[in-house]
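S.K.: Quick note on numbering: this note's numbering labels position 94 of the sequence shown as 77, and the sequence is numbered without any gaps.
Where is the CB? At the ideal position from N, CA and C, for every residue including glycine.
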Amino acid sequence: MCVCSNCSELWGLGSGHTIEQWDSTGMYGYPDHSRSLDGRLQVSHRKGLPHVIYCRLWRWPDLHSHHELRAIDTCQYAFNLKKDEVCVNPYHYQRVETPVLPPVLVPRHAEILTELPPLDDFTNSIPENTNFPAGIEPPNNYIPDTPPPGYMSEDGETSDQQMNQSMESGSPAEMSPSALSPVSHGLDLQPVTYSEPAFWCSIAYYELNQRVGETFHASQPSLTVDGFTDPSNSERFCLGLLSNVNRNATVEMTRRHIGRGVRLYYIGGEVFAECLSDSAIFVQSPNCNQRYGWHPATVCKIPPGCNLKIFNNQEFAALLAQSVNQGFEAVYQLTRMCTIRMSFVKGWGAEYRRQTVTSTPCWIELHLNGPLQWLDKVLTQMGTPTARCSSMS
-16 MCVCSNCSEL WGLGSGHTIE QWDSTGMYGY PDHSRSLDGR LQVSHRKGLP
34 HVIYCRLWRW PDLHSHHELR AIDTCQYAFN LKKDEVCVNP YHYQRVETPV
84 LPPVLVPRHA EILTELPPLD DFTNSIPENT NFPAGIEPPN NYIPDTPPPG
134 YMSEDGETSD QQMNQSMESG SPAEMSPSAL SPVSHGLDLQ PVTYSEPAFW
184 CSIAYYELNQ RVGETFHASQ PSLTVDGFTD PSNSERFCLG LLSNVNRNAT
234 VEMTRRHIGR GVRLYYIGGE VFAECLSDSA IFVQSPNCNQ RYGWHPATVC
284 KIPPGCNLKI FNNQEFAALL AQSVNQGFEA VYQLTRMCTI RMSFVKGWGA
334 EYRRQTVTST PCWIELHLNG PLQWLDKVLT QMGTPTARCS SMS
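1. Tell me the DSSP secondary structure of N(-11) in three-state form.
2. Taking all protein chains shown into account, do 16 or more other C-beta atoms lie within 10 angstroms of the C-beta of N316, making it buried, or fewer, making it exposed?
3. In the structure shown, what three-state DSSP assignment does E68 receive?
4. Evaluate contact between the region 328 to 341 and the region 352 to 367, counting only Cβ atoms and requiring at least three cross-stretch pairs below 8 Å.
5. At what residue ranges does the region 232 to 259 contain a whole run of the alpha helix (DSSP H), taking only runs of 4 or more?
6. What does DSSP give as the partner residues of A54 in its beta bridges?
7. P174 by DSSP, collapsed to three states: which one?
8. Are there 16 or more other CB atoms within 10 angstroms of the CB of P279, so buried, or fewer, so exposed?
9. Mind the definition here: the region 277 to 295 touches the region 247 to 257 only if three or more C-beta pairs lie below 8 Å; say whether that holds.
10. Measuring straight from C-alpha to C-alpha, what distance separates V234 and R194?
11. Please classify G196: does DSSP put it in a helix, a strand, or coil?
12. State the start and end residues of the unbroken beta strand (DSSP E) segment that holds Q267.
13. Taking buried to mean at least 16 other C-beta atoms within 10 Å of its own C-beta, is S178 buried or exposed?
14. Given 8 Å as the limit, is there contact between the region 67 to 76 and the region 34 to 51, that is, 3 or more CB pairs closer than that?
15. Hey, could you find the ends of the beta strand (DSSP E) K329 is sitting in?
16. Out of N270, L88, L84 and V245, which has the shortest C-alpha to C-alpha gap to D171?
17. Does DSSP put G276 in a helix, a strand or coil?
18. Going by C-alpha distance, which of L224, E190, A263 and S268 is nearest V254?
19. For E218, which residues from the same chain have a beta carbon less than 6 Å from its beta carbon, with the 5 sequence-adjacent residues on both sides left out?
20. Quick check on the burial criterion: 16 or more other C-beta atoms within 10 angstroms. Buried or exposed for E68?
21. Assuming C258 and I264 are in contact, meaning their beta carbons sit under 8 Å apart, how far apart are those beta carbons, in whole angstroms?
22. Locate the alpha helix (DSSP H) running through C38, then write down its first and last residues.
23. According to DSSP, which residues form a beta bridge with T207?
24. Can you name, in chain order, every residue of its own chain whose Cβ lies under 6 Å from the Cβ of W41, other than the five neighbours on each side?
25. Only counting the same chain, and skipping five residues up and downstream in sequence, which positions put a Cβ closer than 8 Å to that of P86?
26. Please determine, among Y335, L302, R243 and Q309, the residue with the shortest C-alpha to C-alpha distance to Q282.
27. What is the DSSP secondary structure of F182, reduced to helix, strand or coil?
28. Do you know how far the Cα of L351 is from the Cα of A300?
29. Can you give the Cα-Cα distance for T237 and S262, rounded to whole angstroms?
30. Indicate the three-state DSSP secondary structure (helix, strand or coil) for N114 in the structure shown.
31. Suppose the cutoff is 7 Å on Cβ atoms and the five residues either side in sequence are ignored; what does the same chain contact list for G196 look like?
32. If you count every other CB in all the chains shown that lies within 10 Å of the CB of C(-10), and 16 or more means buried, which is it?
33. Going by Cα to Cα distance, which pick from F62, A232, F182 and T57 is closest to S48?
34. What whole-angstrom Cβ distance do P344 and L191 have, given they're in contact under 8 Å?
35. DSSP three-state call for N229: helix, strand or coil?
36. Please state if the CB of E51 and the CB of V79 are separated by a distance shorter than 7 Å.
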C-alpha cells in the first residue's frame, strides 16, 4: 500500500487532511473532524462511505455503492462488522459479482391456451401498508430462508451483515439444476436461459392517472429519479422538466418536494431503492412482499436516508422454476412481479386517504426487462396462445 508523500494528497482526497500511518491490520485512521455524524466522509460537497471512496479511487472508478463490496474474511475491521473503526484498505474488499442464474427446464408446448388468463391486477384494490422493518419474519417455507435485510440508513447500520449472510447462504442460484427444474415424466424438456438486456429497466412517470413524458430506459447500474430540471442522461431521470397541461395545484406542490428523489441500484442481480428525498417514498414490490410474507399489493414506506431491496433475480428464478410445474397460467401471473410502483411524498393504501396508486400526485412504474424477457421465452416454450399476447404486451 503506497503511503508516500507524493500520494498524500490522494489519500487525503485533496482536502488537506493529515495522513496517518497504516498499521499491521491494514487499518487506516481518518481524522474525526472530516466525518459526519453517520460516519460518512464529505468530498467535494458529496458525502460517501470512506471504504467506498477509497475503493473507487484506487480500484474501481465505476463503483457506485457499498452494496457492490464484500470484505475479505481476514479483515478485522470490515465495514459489515459494525466496529467503531472501519477498514478503508481497498485491497481488503472484493467486488460482488452477479450470480449466474440456472436455466429453467420447460416442457416443450406443455399446454396450449386459446386466450391468456387474467392477471391479478392490484391497481384498483386497497393495498395494506407497512413501515419496514416492523418485526417481520419471512415464512419458513419460502426460499431462501434468510433474515430480512431490513432497510438501512446510508451508513448501512442495520443490514449489511444480514445481506452478506443472505448472499452466502443457500440461494436459488446455488441449488442444483434438478432443484429448479420440473419433474420430467418423460416430457421433452428444453432449457430456457436468462440473459441481461441492454436496458435493465424501463421507467414511466405518472401524475395521478395520466402518463407524462417519455419512457426512461436504464442502461447504467445506478441511476437517480429526481424532481430537478437538469437534462436527463443515462444515470439521471429528471422529472422537473416534464410538462403537463392538466397538472393541478396538488401535483405542483408534490413535485416541489420530490427534491433528490430516489436512487435505484441494479447490483449482483438485485435491485435496491434508496430514498434521497427529504420526504419518504412508497414502494409496491410484489417480489419484496413475497419475501416477507406480505400481501402482494402491500405498500412499504421508505423514510429519507434509507434503502430497501425491491427485487432479487435469484428469488424470481426459484419462483419461475416452481411455477413451470403449475402450468402456463402460474408462469404468466409472475408478470406482475416484474412491475414495481413507487410514489413520491404521498403514500397510498388502507392507512392513507389515497387508496390507489393512481390517486397519488406523482409516481413512477418500473418494468424489469430481464425478468420480463425471460418470462416471454418460457411462455413461448410452453406454448404461446393463439392470441400472440405476451408479458411484454
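M.R.: Per the coordinate set shown:
1. The predicted position of N(-11) is uncertain, since its pLDDT is 34 and thus under 50; no value can be drawn from it.
2. Before going further, note that residue 316 is Gln rather than Asn in the sequence given. Counting Cβ neighbours within 10 Å, Q316 comes out buried, since at least 16 surround it.
3. Here E68 sits in coil by DSSP.
4. Proximity of the region 328 to 341 to the region 352 to 367 falls short of the contact definition, fewer than three beta-carbon pairs being nearer than 8 Å.
5. For the region 232 to 259, whole alpha helix (DSSP H) runs of length 4 or above, ordered along the chain, are 232 to 239.
6. Residue pairing for A54: DSSP places it in a beta bridge opposite Y76.
7. Reduced to three states, the DSSP call for P174 is strand.
8. That one is buried.
9. Contact between the region 277 to 295 and the region 247 to 257 is present: 3 or more CB-CB pairs across the two stretches fall below 8 Å.
10. Put simply, the backbone Cα of V234 is about 13 Å away from that of R194.
11. Three-state result, G196: strand.
12. For Q267, the uninterrupted beta strand (DSSP E) run begins and ends at I264 to Q267, by DSSP.
13. Result: exposed.
14. The count of Cβ pairs closer than 8 Å, one atom from the region 67 to 76 and one from the region 34 to 51, reaches three, so the stretches are in contact.
15. Where K329 is concerned, there is no enclosing beta strand (DSSP E), given that its DSSP letter is neither H nor E.
16. In this structure, L88 is the residue among N270, L88, L84 and V245 with its C-alpha nearest to the C-alpha of D171.
17. Here G276 sits in coil by DSSP.
18. Of the candidates L224, E190, A263 and S268, the one whose C-alpha sits nearest the C-alpha of V254 is S268.
19. Excluding positions up to five away in sequence, the list reads Q203 and L206.
20. The residue in question, E68, is exposed, as its Cβ has fewer than 16 Cβ neighbours within 10 Å.
21. Correct: roughly 5 Å between the Cβ atoms.
22. Segment P33 to W41, the alpha helix (DSSP H) holding C38.
23. In the DSSP assignment, the residues bridged to T207 are R219 and R246.
24. Excluding sequence neighbours, W41 sits near P73.
25. P160, P174, V175, T176 and Y177.
26. Per the sequence presented here, residue 282 reads as Val, with Gln not at that position. For V282, the nearest C-alpha among the options comes from Y335.
27. Under the three-state reduction of DSSP, F182 is assigned to coil, being neither helix nor strand.
28. Taken atom to atom, the span from the alpha-carbon of A300 to that of L351 is near 14 Å.
29. A straight line joining the alpha-carbon of T237 with that of S262 spans about 10 Å.
30. Three-state DSSP puts N114 in a strand.
31. Taken in chain order, the residues that qualify are Y188 and L225.
32. Here C(-10) scores only 36 on pLDDT, less than 50, and its place in the model should not be relied on; the value that follows carries that caveat. Answer is exposed; the Cβ neighbour count stays below 16.
33. If we check each option's Cα against that of S48, F62 comes out closest.
34. Indeed, because the Cβ distance is near 7 Å, the residues count as touching under 8 Å.
35. It is coil, neither helix nor strand.
36. Yes, the pair counts as a contact, with Cβ atoms nearer than the cut-off.
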